[in-house]
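Single-structure report; data block below.
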Amino acid sequence: MLAVTLTLFLAVGSQVLAEPLKFLDCGSKDGSILEVNVTPCPTEPCLLHKGVSYSVNVTFSSKIDSQGSQAKVYGEMLRVDIPFPLEESDGCKSGIKCPIQKGHSYSYLNKLPVKSEYPSVKLVVKWELYDDQEGLLFCWKIPNKINNQNKQWVGGYLAVTQGKVS
């Protein structure tokens, strides 16, 4: 029993202490990205499962003052940006205390829902946060792969497996 408890503790702890992702800055003019975390994303590229919502945490510093901010997210395929809907696009309702002040650091927190109807594809997620003058506070890209997953209850816990459940 102790071994099972320790294993569960380590598994949960590894997700909580997520490593920052390697990202490509795609034009952050009015801010500087310090760190990007997507949870759970234990490997790169991130494997995104349909029907799962992922936590996104971006730590950045602002180079300007701004009364507000708006986020936009895209799936980039063949150099075409396909909009991903966000439940909350207002950065001031996503962990940022507004007004945004020049020289201050902020943690932007949001969710990336991967809908069941999305196709199973490789793509690049592009996340932008605009200031109140439509300048980019941050823009980052990371490679991802969307795929199916199977879920089943095992001993009172939700088990997620790849492929078909036997």
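Numbered per mature numbering (1 follows the signal peptide of the UniProt record, and there is no 0), the sequence shown spans residues -18 to -1, 1 to 148.
Glycine included, each C-beta is placed from N, C-alpha and C at the ideal position.
Small disclaimer: the values here were computed from a predicted structure and weren't measured.
Please tell me whether residue i and residue j are closer than 8 Å, where the distance is taken between their beta carbons.
i	j	result
threonine 96	tyrosine 36	The identity of residue 96 in the sequence shown is valine, whereas the question assumes threonine. Cβ atoms of valine 96 and tyrosine 36: closer than 8 Å.
valine 38	tryptophan 109	yes
lysine 45	serine 14	yes
serine 51	tyrosine 100	no
From the DSSP output, read off the bridge partner residues of residue i.
i	result
histidine 31	Asn129
valine 103	Valine 103 is not bridged to any residue.
cysteine 121	Glu110
lysine 93	Ser37
glutamate 17	Thr41
valine 64	Going by the sequence as given, residue 64 is isoleucine instead of valine. According to DSSP, which records beta bridges pairwise, isoleucine 64 is partnered with Gly57.
serine 51	Asp113
serine 87	Ser43
aspartate 72	Gln52
isoleucine 82	Ser48
aspartate 7	Trp122
Among the residues of its own chain, which have a CB less than 8 Å from the CB of residue i, if the five just before and after it don't count?
i	result
isoleucine 124	Leu3, Lys4, Phe5, Leu6, Val18, Val20, Glu26, Pro27, Cys28, Val106 and Val107
leucine -11	Because the pLDDT of leucine -11 is 34, which lies under 50, any placement of that residue in the model is unreliable, and the number read from its coordinates should be weighed accordingly. Excluding sequence neighbours, leucine -11 sits near nothing in its chain.
proline 16	Reading off the sequence shown, one finds leucine at residue 16, where the question assumed proline. Cβ within range, chain order: Thr41, Phe42, Ser43 and Ser87.
Return the chain-ordered list of same chain residues with a C-beta closer than 7 Å to the C-beta of residue i, the five sequence neighbours on each side being excluded.
i	result
asparagine 130	Lys32 and Ser102
alanine -8	In this predicted model, alanine -8 has a pLDDT of only 39, less than 50, meaning its place in the structure is not dependable; the value taken from the coordinates is given anyway. So the list is empty, once near-sequence residues are dropped.
Quick one: residues in its chain with C-beta nearer than 6 Å to the C-beta of residue i, no 5 flanking neighbours on either side, listed in chain order?
i	result
leucine 30	Val96, Asn126 and Ile128
glycine 9	Leu118 and Cys121
glutamine 49	Pro81 and Asp114
valine 54	The identity of residue 54 in the sequence shown is lysine, whereas the question assumes valine. Correct list, in chain order: Glu110.
Whole angstroms are fine: how far does the CA of residue j sit from the CA of residue i?
i	j	result
lysine 75	serine 43	17 Å
tyrosine 90	lysine 84	16 Å
glycine 77	methionine 59	29 Å
lysine 104	aspartate 47	37 Å
threonine 12	valine 34	This sequence places aspartate at residue 12; threonine is not what is there. Straight-line Cα distance between these residues: approximately 32 Å.
proline 67	serine 87	26 Å
proline 24	lysine 79	29 Å
valine 40	asparagine 92	9 Å
proline 65	leucine 94	12 Å
serine 98	glutamate 69	16 Å
glutamate 116	glycine 73	13 Å
State yes or no: is the beta carbon of residue i nearer than 8 Å to at least one beta carbon in chain B?
i	result
valine 62	In the structure shown, chain B does not exist; there is a single protein chain.
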